[in-house]
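Protein chains in written order, with our numbering: chain D, 9 to 484; chain L, 9 to 484.
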């Protein structure tokens with residue numbers, strides 16, 4: 009009975025919270041969350057309150073798409089699919105779940121994020137974590153040794169969602185892969201060309217594509233004195249360089265992974281290097297790294313890759329960056345990642361410079377990634393026959409978010425725009441800041457900047473506006 | 009050690025089975041299955057055989073789509089989506105899993121077929137079982153009271169798969185629904201019109217759309233003396249009438265569900281009735297059934313529905329059929345189901361006449377179904393507010409199978425067709441029978457009928473061919 013009283017008290021308090029938020033017209037998501045808590049409490053009381061005590065929501069980290077969002081999704085897909093088809097790709101589809109063992113041993117430390125299905129008798133199943141492993145399984149199962157395919161479908165990761173930034177537990181991947189024996193670096197260059205075409209066509213602002221090679225990383229680790237059995241784990245740590253400053257990465261290497269101070273320092277020197285074909289040439293002459301056959305193979309391929317990229321006229325967007333590592337275990341050669349670099353995601357570069365450590369602000373800039381995985385199909389083939397593969401995955405959710413924001417802006421071109429409905433709209437769609445430029449502001453030479461969540465407003469001199477927005481968004 | 013020896017013996021035997029099947033060029037699926045067993049046995053031995061002992065397959069009841077199948081899928085989707093859009097529908101998407109409780113209490117006896125996710129901490133989740141319940145949840149959650157939407161996505165049922173007949177555990181549904189207050193029977197008639205348009209455009213051969221009304225069924229049960237609390241379970245039994253002869257259905261009612269012999273007999277009379285508007289008018293005068301207000305409401309609506317169908321020029325394909333029940337709990341008014349009636353699925357009618365009981369042969373004929381569900385959204389609304397809804401689901405997997413078979417046939421229009429490759433093709437695509445008409449057969453006035461699985465051949469007189477094919481396919 010005491011318990012019941014406690015719950016009733018909690019319901020009262022929670023009811024107040026909800027009422028307050030509603031009266032303040034707080035963010036819809038926030039209200040929903042508090043209402044959910046209230047309903048959960050009521051459900052714990054049980055009995056009298058009727059049948060409608062369950063929580064009316066989608067699963068954590070997932071969302072519905074409304075018709076407007078679907079229209080944007082369709083438009084983005086069409087652009088991407090047209091590009092894939094132009095490059096001669098066919099499409100396949102695979103089931104949303106795979107035998108659990110099909111996914112085992114493919115994702116390294118990230119395996120813990122796989123969704124398993126309940127054992128209801130029969131096979132043990134897991135939701136697909138990406139489209140690459142099912143693709144490799146498909147190739148091995150059907151003994152296909154040559155195909156150019158794309159696959160657009162949802163994948164599932166029990167990760168920490170950050171939905172306002174486009175990170176979900178259920179999200180689309182948009183993959184293009186080339187399987188088969190080709191002349192070196194030709195399919196790899198085509199993948200980069202495709203990223204370039206798609207990001208240009210979608211008109212998302214400026215972007216940069218980082219490339220590196222797993223063999224260069226491994227060779228570098230070897231000549232820096234990393235023991236063989238620590239390559240993968242050190243690689244995972246290097247992969248955090250876009251989220252953590254070097255000092256923290258180094259600390260992890262030395263304190264957690266047991267690397268010598270000296271080895272870490274040497275790695276630090278290499279991973280700070282960025283450039284193009286010339287950097288690859290210079291490293292091929294580097295007295296130290298050139299001692300590794302592996303690294304040399306990687307560097308020669310990077311050199312060759314850049315010569316193709318020159319022919320494709322895309323070298324202006326591509327950087328050879330030795331800090332790029334990419335987390336997944338299955339990559340064996342060239343790896344790459346595309347980032348948006350313009351306003352809206354400008355905080356990324358700012359933070360990298362400041363050495364800020366918030367993962368969320370940084371990872372949202374990445375909109376495509378991929379690489380070569382020559383061993384994966386062999387892991388499925390009963391005789392271990394390998395099929396060389398290279399591919400790229402377009403981070404479509406982030407692109408949706410950007411396009412949605414753009415589309416919303418377009419919707420608001422109205423003859424008689426109403427401030428209130430626009431502000432409400434910002435609240436609903438999670439836009440953090442509003443710049444208001446009315447008659448008074450025009451007269452005063454200022455812009456009113458409003459924080460959507462807290463409703464604070466401040467007049468900002470026009471000259472300081474960009475700096476102020478930057479400061480506030482990089483804080484978030 | 010003894011165990012190990014036993015497994016090794018089993019591996020030897022199973023190896024023989026596989027070799028035999030391969031040498032016989034047996035059906036690919038069959039070989040795969042036996043190879044899977046072999047690999048499982050080897051995996052049980054463990055250790056020495058290397059790392060590749062897992063079974064290379066998709067989860068039970070699921071399949072990959074290859075590029076050719078994807079092309080067909082795209083074509084079918086386009087036809088359907090164009091029709092939906094023509095009728096003014098928008099599209100939405102929902103997550104593949106829902107909170108488990110969202111699905112609870114919506115599917116009656118079929119709930120056992122829901123896939124649950126493993127409890128890995130956090131919320132309890134289940135894969136969606138259809139698109140209707142998530143749609144209702146979406147409406148309630150977003151307080152939408154008026155929308156015409158379509159949704160094409162995969163749903164999941166732990167049912168007995170019958171893959172050669174297009175029944176999978178993962179399959180597409182293709183739903184069109186109208187939510188909101190309208191004049192009676194107008195949206196219902198539009199749903200039937202949509203089914204008619206889609207099945208006509210896809211050119212799948214002749215079809216029939218059965219309609220009935222849950223209120224007519226309930227009223228009929230009431231006047232026949234079925235106790236109130238047995239309506240749903242008796243309804244489930246009536247639903248089996250397209251799979252079981254009346255005698256068996258009656259037996260289930262009397263012996264399993266405890267209905268009186270007399271009540272069952274009366275139900276039997278009603279459910280044998282088929283007709284159109286006139287039947288509805290006649291039943292409105294029926295001294296018995298007209299005693300039920302519910303039944304009268306349903307009959308008046310059916311009458312009104314048919315007057316709209318006349319305006320839509322589709323009454324030639326629509327039958328008012330009192331035996332149509334449909335399994336799902338949530339229907340509250342008009343229900344309907346479309347069946348293909350032509351060759352290829354001809355065994356359906358034959359069997360129904362013969363009183364055969366194989367569910368598989370029968371259910372494949374159904375290619376669309378739906379009805380009115382005015383109470384479902386209210387189950388999700390915290391205040392129980394109702395939103396009247398009516399919708400239809402197109403059974404796309406069955407349509408894919410038919411289109412695929414058609415496409416394959418087209419591929420085979422060759423200048424120099426080779427018998428061997430055609431037979432191989434039949435094996436691969438699961439075609440059960442081949443009719444061979446060569447020079448010799450022409451001369452003899454016969455057709456050689458070959459059973460693909462067993463490779464048995466028999467000459468059949470041309471006059472007997474259709475009957476023979478019917479006999480053999482209805483046996484399967």
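Each residue gets a CB set at the ideal place from its N, CA and C atoms; glycine is no exception.
* Going by DSSP, which residues form a beta bridge with residue 244(L)? -> To locate residue 244(L), count along the second chain from 1; it is residue 236. None; residue 244(L) has no bridge partner.
* Asked: Are the beta-carbon atoms belonging to residue 45(D) and residue 22(D) less than 8 Å from one another?
  -> Sequence index remark: in the first chain, residue 45(D) carries index 37 (1-based). Sequence index remark: in the first chain, residue 22(D) carries index 14 (1-based). A contact, by the Cβ cut-off of 8 Å.
* Ends of the beta strand (DSSP E) at residue 377(D)? -> Indexing the first chain from 1 puts residue 377(D) at position 369. Its beta strand (DSSP E) spans residues 374-380.
* Between residue 221(D) and residue 284(D), which are expected to be in contact by the criterion C-beta below 8 Å, what is the C-beta distance as a whole number of angstroms? -> The residue given as residue 221(D) occupies position 213 in the first chain. The residue given as residue 284(D) occupies position 276 in the first chain. About 14 Å separates the two Cβ atoms, so there is no contact after all.
* To do: Check whether the segment 219-233 of chain L touches the segment 310-324 of chain L, counting contact only when three or more Cβ pairs, one atom from each stretch, lie closer than 8 Å.
  => yes
* Quick one: what does DSSP say residue 139(D) is sitting in, helix, strand or coil? -> Reading the first chain from its first residue, position 131 is the one you call residue 139(D). Note: residue 139(D) maps to coil in three-state DSSP.
* **Presumed contact (8 Å Cβ cut-off) between residue 331(D) and residue 279(D), rounded CB distance** => Numbered from 1 along the first chain, position 323 holds the residue referred to as residue 331(D). Numbered from 1 along the first chain, position 271 holds the residue referred to as residue 279(D). Indeed, because the Cβ distance is near 4 Å, the residues count as touching under 8 Å.
* Could you pull out every residue in the same chain whose Cβ sits closer than 7 Å to the Cβ of residue 361(D), ignoring the five residues on either side in sequence? => For the purposes of this step, residue 361(D) is taken as the residue at position 353 of the first chain. In this prediction, residue 361(D) scores a pLDDT of 37, lower than 50, which makes its location untrustworthy; no coordinate-derived value is stated.
* **Exposure label - residue 162(D); buried when at least 16 CB within 10 Å** => As a position in the first chain, residue 162(D) is number 154, starting the count at 1. By the neighbour-count rule (16 or more Cβ atoms within 10 Å), residue 162(D) is buried.
* Would you call the segment 115-129 of chain D and the segment 163-179 of chain D in contact, with 3 or more CB pairs under 8 Å? -> yes
* For the alpha helix (DSSP H) containing residue 304(L), list its first residue and its last residue. => Indexing the second chain from 1 puts residue 304(L) at position 296. That run of the alpha helix (DSSP H) goes 301-319.
* Roughly how many angstroms lie between the CA atoms of residue 14(D) and residue 47(D), to the nearest whole one? -> In the first chain, counting from the first residue as 1, residue 14(D) sits at position 6. In the first chain, counting from the first residue as 1, residue 47(D) sits at position 39. Near 15 Å, if we compare the C-alpha coordinates of residue 47(D) and residue 14(D).
* To do: Confirm, please, whether the CB-CB distance from residue 395(D) to residue 378(D) is below 8 Å.
  => As a position in the first chain, residue 378(D) is number 370, starting the count at 1. As a position in the first chain, residue 395(D) is number 387, starting the count at 1. Not closer than 8 Å, so no.
* Asked: Which class does residue 191(D) belong to by DSSP, given the choice of helix, strand or coil?
  -> Within the first chain, the letter at position 183 stands for residue 191(D). Coil, per DSSP.
* Taking only beta carbons into account, state which residues of the segment 94-105 of chain D come closer than 8 Å to chain L, listed in chain order. => 98, 99, 100, 101, 102, 103, 104 and 105
* Every unbroken alpha helix (DSSP H) within the segment 49-110 of chain D, with a cutoff of 4 residues, ordered by chain -> 75-94
* Would you please verify whether the beta carbon of residue 128(L) is less than 8 Å from any beta carbon of chain D? => Taking the first residue of the second chain as position 1, residue 128(L) is located at position 120. Interface flag for residue 128(L) against chain D is set, since a Cβ pair is found closer than 8 Å.
* To do: Determine, using beta carbons only, whether residue 192(D) and residue 317(D) come nearer to each other than 8 Å.
  => Your numbering for residue 192(D) matches position 184 in the first chain. Your numbering for residue 317(D) matches position 309 in the first chain. Cβ atoms of residue 192(D) and residue 317(D): not closer than 8 Å.
* Neighbour flag for residue 178(L) against chain D, beta carbons, 8 Å -> Residue numbering aside, residue 178(L) sits at position 170 when the second chain is read from its first letter. At least one chain D Cβ lies under 8 Å of residue 178(L).
* Asked: Using a beta-carbon distance below 8 Å, is residue 86(D) in contact with chain L?
  -> Counting from one through the first chain, the residue named residue 86(D) turns up at place 78. By this cut-off, residue 86(D) is not an interface position.
* To do: In the DSSP assignment, find the unbroken alpha helix (DSSP H) run with residue 288(D) in it and report its ends.
  => Within the first chain, the letter at position 280 stands for residue 288(D). Its alpha helix (DSSP H) spans residues 285-293.
* To do: Please go through the same chain and pick out, in chain order, the residues whose beta-carbon is closer than 8 Å to the beta-carbon of residue 39(L), but skip the five residues on each side of it.
  => In the second chain, the residue the question calls residue 39(L) occupies position 31. Excluding residues within five positions, the ones whose Cβ falls inside 8 Å are 26, 29 and 30.
* Asked: Among all the DSSP beta bridges, which residues are the ones paired with residue 159(L)?
  -> Numbered from its first residue, the second chain carries residue 159(L) at position 151. Note: residue 159(L) sits in a beta bridge opposite 183(L).
* Exposure label - residue 237(D); buried when at least 16 CB within 10 Å -> Here the question's residue 237(D) lines up with position 229 in the first chain. Per the 10 Å Cβ criterion, exposed.
* Check the Cβ-Cβ distances between residue 166(D) and every residue of chain L, and say whether any is below 8 Å. => The sequence position of residue 166(D) within the first chain is 158, counting from 1. Residue 166(D) counts as touching chain L.
* Asked: Buried or exposed: where does residue 417(D) fall if 16 or more other Cβ atoms within 10 Å of its Cβ makes it buried?
  -> The residue labelled residue 417(D) in the question sits at position 409 within the first chain. Burial call: exposed.
* Comparing the C-beta of residue 148(D) with each C-beta of chain L, is any distance below 8 Å? -> Sequence index remark: in the first chain, residue 148(D) carries index 140 (1-based). Yes, its Cβ sits closer than 8 Å to a Cβ of chain L.
* Asked: Does the beta-carbon of residue 204(L) have 16 or more other beta-carbons within 10 angstroms, so that it is buried, or is it exposed?
  -> Within the second chain, residue 204(L) is the residue found at index 196, counting from 1. Residue 204(L) is buried by the Cβ-count criterion.
* Asked: Can you tell me where the beta strand (DSSP E) with residue 1(L) in it begins and where it stops?
  -> No information on residue 1(L) is available, as it lies outside the stretch 9 to 484 that chain L covers here.
* Could you give the C-beta distance for residue 412(D) and residue 80(D), rounded to a whole number, given that I count them as a contact under 8 Å? -> What you label residue 412(D) is simply residue 404 of the first chain in a count that begins at 1. What you label residue 80(D) is simply residue 72 of the first chain in a count that begins at 1. Their Cβ separation, rounded to whole angstroms, is 6 Å, which keeps residue 412(D) and residue 80(D) in contact under 8 Å.
* To do: Taking residue 63(D) as the query, report the chain L residues whose CB atoms sit under 8 Å from its CB, ordered along the chain.
  => Numbered from 1 along the first chain, position 55 holds the residue referred to as residue 63(D). The answer, in chain order, is 107 and 109.
* Can you tell me whether residue 186(D) is buried or exposed, with buried defined as 16 or more other CB within 10 angstroms of its CB? -> To locate residue 186(D), count along the first chain from 1; it is residue 178. Buried, by the Cβ-count rule.
* Using the beta-carbon of each residue, which ones in chain L are nearer than 7 Å to residue 70(D)? -> Reading the first chain from its first residue, position 62 is the one you call residue 70(D). By Cβ distance, chain L contributes 103.
* Could you give the distance in angstroms between the alpha-carbon of residue 148(D) and the alpha-carbon of residue 390(D)? -> The sequence position of residue 148(D) within the first chain is 140, counting from 1. The sequence position of residue 390(D) within the first chain is 382, counting from 1. So the alpha carbons of these two residues sit roughly 8 Å apart.
* Asked: To the nearest angstrom, how far is it from the Cα of residue 19(L) to the Cα of residue 435(L)?
  -> Indexing the second chain from 1 puts residue 19(L) at position 11. Indexing the second chain from 1 puts residue 435(L) at position 427. So the alpha carbons of these two residues sit roughly 26 Å apart.
* To do: Work out the CA separation of residue 251(L) and residue 194(L) for me, nearest whole Å.
  => Locating residue 194(L) in the second chain gives position 186, counting from the first residue. Locating residue 251(L) in the second chain gives position 243, counting from the first residue. Distance between the alpha carbons of residue 194(L) and residue 251(L): 31 Å.
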